[in-house]
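Encoded as structure tokens, the structure appears first; notes follow it.
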Amino acid sequence: MIGKSGPVADSVLLLDVLRGVLDRCGGQRWFVQPEEAWCSAAPAARVSRKHGWKLHVSATPLSAPIVLARAAEALVRNGCPFKFATDIGRVLELVDHLQNRGAGGKFITVYPRDDEQLLAVADELDRVTADLVGPRILSDRPLRPGSLVHYRYGEFTGEPVFTDDGVFESRMVGPDGSVVKDERRAWFSPPEWAVSPFPEPAVAPRAPGAAMVLAGRFRVTGAIRHANKGGVYQAIDDRSGANVVVKQARAHVGAALDGRDARDMLRHEAHILEALASLSLFPAFVALFEEQGDLFLAEEEIPGVTSDDWASEGGDVLGVAGRLVEAVRAVHEAGFVLCDLKPSNVIVTPDGGVRLIDAELVHRTGESVRGRTIGFAAPERWGDRSARRGVRPSADCFSLGVTLFCLASGGLAPHWVAGQPSSPRSGAERRRVLRRIAADRTGLVPLVELIAGLTETEPDQRWSLDRAERFLASPAARAEAPSSGVLMPSNGLDRMLADGLEHLQRGMVPDGAELWPASRAAQRHDPCDAWRGAAGGLATLTRAAQVMDDPALRASVARAAGWIDERLFDIPRILPGLCFGRAGTAWALHEAGSLLDDAGLTSRARRLAERLPTRGKNPEVAYGLSGAGLARLHLWRSTGDRSLLRGALDCAESVLAAADHSGEDVLWPVAVDDDQHSSYGFAHGVAGIGMFLLAAGQAAADGSDDRAERFTGAALKAGETLLRSASLREGAADWPTAVGGDGFATGTARWQWCNGPAGIGTFLIRLWSATGLQRFADVAVQCAVTASERWSLSVGACCGLAGSGHYLLDLADLTGDTGYRAQAEQVADVIHAQAFTDDGLLVPCHPDLGHAYAAGTAGVLDFLLRLRHGGPRPWLPETARPGGARPSAAHAGAVTR
Numbered sequence: 018m019i020g021k022s023g024p025v026a027d028s029v030l031l032l033d034v035l036r037g038v039l040d041r042c043g044g045q046r047w048f049v050q051p052e053e054a055w056c057s058a059a060p061a062a063r064v065s066r067k068h069g070w071k072l073h074v075s076a077t078p079l080s081a082p083i084v085l086a087r088a089a090e091a092l093v094r095n096g097c098p099f100k101f102a103t104d105i106g107r108v109l110e111l112v113d114h115l116q117n118r119g120a121g122g123k124f125i126t127v128y129p130r131d132d133e134q135l136l137a138v139a140d141e142l143d144r145v146t147a148d149l150v151g152p153r154i155l156s157d158r159p160l161r162p163g164s165l166v167h168y169r170y171g172e173f174t175g176e177p178v179f180t181d182d183g184v185f186e187s188r189m190v191g192p193d194g195s196v197v198k199d200e201r202r203a204w205f206s207p208p209e210w211a212v213s214p215f216p217e218p219a220v221a222p223r224a225p226g227a228a229m230v231l232a233g234r235f236r237v238t239g240a241i242r243h244a245n246k247g248g249v250y251q252a253i254d255d256r257s258g259a260n261v262v263v264k265q266a267r268a269h270v271g272a273a274l275d276g277r278d279a280r281d282m283l284r285h286e287a288h289i290l291e292a293l294a295s296l297s298l299f300p301a302f303v304a305l306f307e308e309q310g311d312l313f314l315a316e317e318e319i320p321g322v323t324s325d326d327w328a329s330e331g332g333d334v335l336g337v338a339g340r341l342v343e344a345v346r347a348v349h350e351a352g353f354v355l356c357d358l359k360p361s362n363v364i365v366t367p368d369g370g371v372r373l374i375d376a377e378l379v380h381r382t383g384e385s386v387r388g389r390t391i392g393f394a395a396p397e398r399w400g401d402r403s404a405r406r407g408v409r410p411s412a413d414c415f416s417l418g419v420t421l422f423c424l425a426s427g428g429l430a431p432h433w434v435a436g437q438p439s440s441p442r443s444g445a446e447r448r449r450v451l452r453r454i455a456a457d458r459t460g461l462v463p464l465v466e467l468i469a470g471l472t473e474t475e476p477d478q479r480w481s482l483d484r485a486e487r488f489l490a491s492p493a494a495r496a497e498a499p500s501s502g503v504l505m506p507s508n509g510l511d512r513m514l515a516d517g518l519e520h521l522q523r524g525m526v527p528d529g530a531e532l533w534p535a536s537r538a539a540q541r542h543d544p545c546d547a548w549r550g551a552a553g554g555l556a557t558l559t560r561a562a563q564v565m566d567d568p569a570l571r572a573s574v575a576r577a578a579g580w581i582d583e584r585l586f587d588i589p590r591i592l593p594g595l596c597f598g599r600a601g602t603a604w605a606l607h608e609a610g611s612l613l614d615d616a617g618l619t620s621r622a623r624r625l626a627e628r629l630p631t632r633g634k635n636p637e638v639a640y641g642l643s644g645a646g647l648a649r650l651h652l653w654r655s656t657g658d659r660s661l662l663r664g665a666l667d668c669a670e671s672v673l674a675a676a677d678h679s680g681e682d683v684l685w686p687v688a689v690d691d692d693q694h695s696s697y698g699f700a701h702g703v704a705g706i707g708m709f710l711l712a713a714g715q716a717a718a719d720g721s722d723d724r725a726e727r728f729t730g731a732a733l734k735a736g737e738t739l740l741r742s743a744s745l746r747e748g749a750a751d752w753p754t755a756v757g758g759d760g761f762a763t764g765t766a767r768w769q770w771c772n773g774p775a776g777i778g779t780f781l782i783r784l785w786s787a788t789g790l791q792r793f794a795d796v797a798v799q800c801a802v803t804a805s806e807r808w809s810l811s812v813g814a815c816c817g818l819a820g821s822g823h824y825l826l827d828l829a830d831l832t833g834d835t836g837y838r839a840q841a842e843q844v845a846d847v848i849h850a851q852a853f854t855d856d857g858l859l860v861p862c863h864p865d866l867g868h869a870y871a872a873g874t875a876g877v878l879d880f881l882l883r884l885r886h887g888g889p890r891p892w893l894p895e896t897a898r899p900g901g902a903r904p905s906a907a908h909a910g911a912v913t914r
């Protein structure tokens, strides 16, 4: 019996293989369930376990049909359930060199009913596949060296556990009652209590502290990186004493339908190193050797740092640009094309010279090339058939332009000039973007025209290396003043809002397990929470319907609210968090019910809010009690229902009881599952908890509760803790990444709402507005993202531009300084500059980010709606009362620095 429960693409071949096996083996009573990624097959009288020893069988795209035919026949004959990758495309993913190392190669998974069947089936599977090929599975142990059959201990059919952070995870209960996660690590790691029924392999143990030695001469001293295709290691050549780099290519990883795999690419790289040795640009070839079935390449270790690390220290980009042009020219004159030029493949040596590494994609001019680096490859190499086109030197010119942009801009992402296949940039648009970025990142100023010319979309319009050299030799050509104006057209915000809301509505799947489906790789989570689930999208649609006269929006609000309403209590337990629990769900549903004038909906939202826990081990906002308290306070102010106020103040009592008073400071240890830590941030630490206590204190005062002073006093102490722990440097505020630590976040992580200054300032500016204490405002205005850093942020509400934009609007609303609103408009300008066209709609974030509120479309649209139409900060109840002191002149408008 073959049923369907989802889309199945290009699966006919492998399904036909299974059908043939079932017909031959009399498997009419077998049930086959094809889905998007996997096809399951089980006998009608299936006996299953929650967890135990199971088998995996690997394969390549070429061997997969034969492996399946032979393995399925043995499994059907033995009545043993199994699943397999649905189609050849999925097999290609499983063996891809970028695949997760813990999942790579697992073509067939076998679920024996007991260990007796396990042993019998394993032996038979090994016998029938002994002459076939597939990669080694790193999370498992092979039945014997070279076998396609592997085993590991893991989950079968056990119900996933709903964890404290709102996700469903595989957990296994041992015979001693201990609970462990079923983690797919890249090494064999069964639970301590799981005794293997297979004999232990005879492996000669390495002496404690002894280094791994390859080919009898290369003594490994450290790992540079690990990947599914193999590791890259630092080593010493005991024969010469020289430092070398050793690259590994695991057998059958990266296998393609033409029969080649990662080993062929490594052999090609070795050939290139020898062919271009006379240029002295690439590492010198040392040795190519096999060990335990894998291929290894040893090459010279080049002293220096990658050019992206070098540029971050403020190096002479103009000088390196000239030397890099010379290097690319030398490769082209030798008859080759680099095909993978990017900052991490360029080494700047201690004497300022330029060397090139990772030559695996270097090919002769005109040859077809398989593989490319997304973001740096020229547009003519983006398409599906690009590998069949002969590569030309002009493609390297494009990559050179993108590389120079990344270096001169201080490490900005390549998409600013490279564009995306769905949204290529015109030459005029690229120049406007470059000049606008150069107004904030002045290192770009002398290279704007060069980068724009090298990155022209059409190869015949692209600058040549000769023109690039002439430009670099002419100071007058480089003296171009950047533009400081905005990029967005006058109707850009309205179009982005209209198209983005349409995209959000089109993305709903009312009959799905998730209203806005996440990617296949995403962890299964609470489908109704605010940050990853349906409540965030509902909140955005509700705000839009409140301010825009569009009946379709109201209909979408009703549809989304109804979807959530049907699943309101359909979860193992109610978690308290605002972002990753059901507090945000109650909030969003109540707002939707009020808009729709649906008393039943608002009543059920209140009932959900009343069921939120008031006690627990986690006091923070995103996962814990402060989130539940904020939601209860908001609904209380909307309804006047004093039971909600009582519950909120009970949460505040629990939060106070969890405080850790360390000298003058107050901190809160936060526990999510087995992880316990303390943070200064809004989502998980002092700032968010202080925000809730401030709101609780004001609510208690308004509700004539004598605990108001205690709560407000604790909020003040939280604020003082944040001031004492702040680092104020060059007009910007920052906090250690961990309480008690001296490390600070760098790059984009520094400006996140969840853990960074944008969230901490959200509390401090409200504390100032509520108390009039100037010191809180003086630090709060230094929490705004700088003009330069906006270009490096993602667009999301949790960790990116939308979250920072909301904070700028907070500053404008609470201080009355319109300059902050202007800065928020520039944030929207940066969002617009990287918007994507999807199905004819201008969408404010990449479709791969999805619709979720935290990182996707819903959260960005919520900020744009507030910017365009006004309104309160989302997910915060009324607290601070404007009218306190103004920030001091020294810090007012500090965001413009």
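Those letters in the sequence shown? Residues 18 to 914, by this note's numbering. Idealized CB from N, CA, C, for every residue including glycine. Note that the coordinates shown come from a computational prediction; the quantities given were computed from them, not determined experimentally.
Burial state of S744 is exposed, judged by a 10 Å Cβ sphere holding fewer than 16 other Cβ atoms.
Restricting attention to beta strand (DSSP E) runs no shorter than 3 residues, the stretch 832-868 encloses them at 853-855, 858-860, ordered along the chain.
Taking a 10 Å sphere around the C-beta of S385, we find fewer than 16 other C-beta atoms and assign the residue as exposed. Taking C-beta atoms as the reference points, A88 and L142 count as a pair closer than 7 Å. Here the stretch 660-670 does not lie against the stretch 201-219, with fewer than 3 beta-carbon pairs under 8 Å apart. Secondary structure note for S611: it is in no beta strand (DSSP E), and the uninterrupted alpha helix (DSSP H) holding it is 600-613. E737: member of the alpha helix (DSSP H) spanning 725-742, first to last residue. When beta bridges are read from the DSSP output, H886 appears opposite no residue. Per DSSP, reduced to three states, the secondary structure at Y168 is strand. Cα atoms of A569 and E608: separation of roughly 17 Å, rounded to the nearest angstrom. Residues M525, P527 of the same chain have their beta carbon placed closer than 8 Å to that of R576, with the five preceding and five following residues left out of the count.
For D587, the closest C-alpha among the options A530, A605, R284 is that of A530. V345 places its beta carbon 7 Å or farther from that of L231. Proximity of the stretch 851-870 to the stretch 431-438 meets the contact definition, three or more beta-carbon pairs being nearer than 8 Å. Listed in chain order, the non-local C-beta contacts of V847 below 7 Å within the same chain comprise R807, W808, L818, local neighbours out to five positions each way being set aside. Membership of V237 in the beta strand (DSSP E) is indicated by the continuous run 235-242. When the beta-carbon positions are compared, A54 and G151 stay at least 7 Å from each other. Exclusion of the five residues before and after A287 leaves F302, L305, L314 as the residues of its chain whose Cβ lies within less than 7 Å of its Cβ. A check of alpha carbon separations from D511 across L859, R158, Y870, L111 identifies L859 as the nearest. Counting along the chain, no alpha helix (DSSP H) covers E330, and no H or E run does either.
Per DSSP, the beta bridge partners of L305 are L314. For T788 and L711, the gap between their C-alpha atoms comes out near 10 Å. In this structure, G773 keeps its C-beta atom at 7 Å or more from the C-beta atom of A735. In the structure shown, N260 adopts extended strand secondary structure according to DSSP, grouped into three states.
Runs of the alpha helix (DSSP H) lying entirely within the stretch 332-404 and spanning at least 4 residues, in chain order: 334-350. Residue environment: H886 is assigned as exposed (fewer than 16 neighbouring CB atoms within 10 Å of its CB, all protein chains considered).
Taking G407 as reference, the option from G388, E110, A572 with the minimal CA-CA separation is G388.
When Cβ pairs closer than 8 Å are counted between the two stretches, the stretch 367-378 is seen to touch the stretch 310-326, the count reaching three or more.
Looking at the DSSP output, W70 bridges to Y170. DSSP places H542 in the strand class (E or B) of the three-state scheme. Distance from the Cα of R654 is smallest, within the candidate group A875, E895, D751, for E895. One alpha carbon belongs to S443, the other to A875, and they sit about 28 Å apart.
Around the beta-carbon of G873, 16 or more other beta-carbon atoms lie within 10 Å, marking it buried. Taking each of T472, G813, V844 in turn and checking the Cα distance to T803, the smallest one comes out for V844. Per the DSSP secondary-structure output, I125 pairs in a beta bridge with V74, F101.
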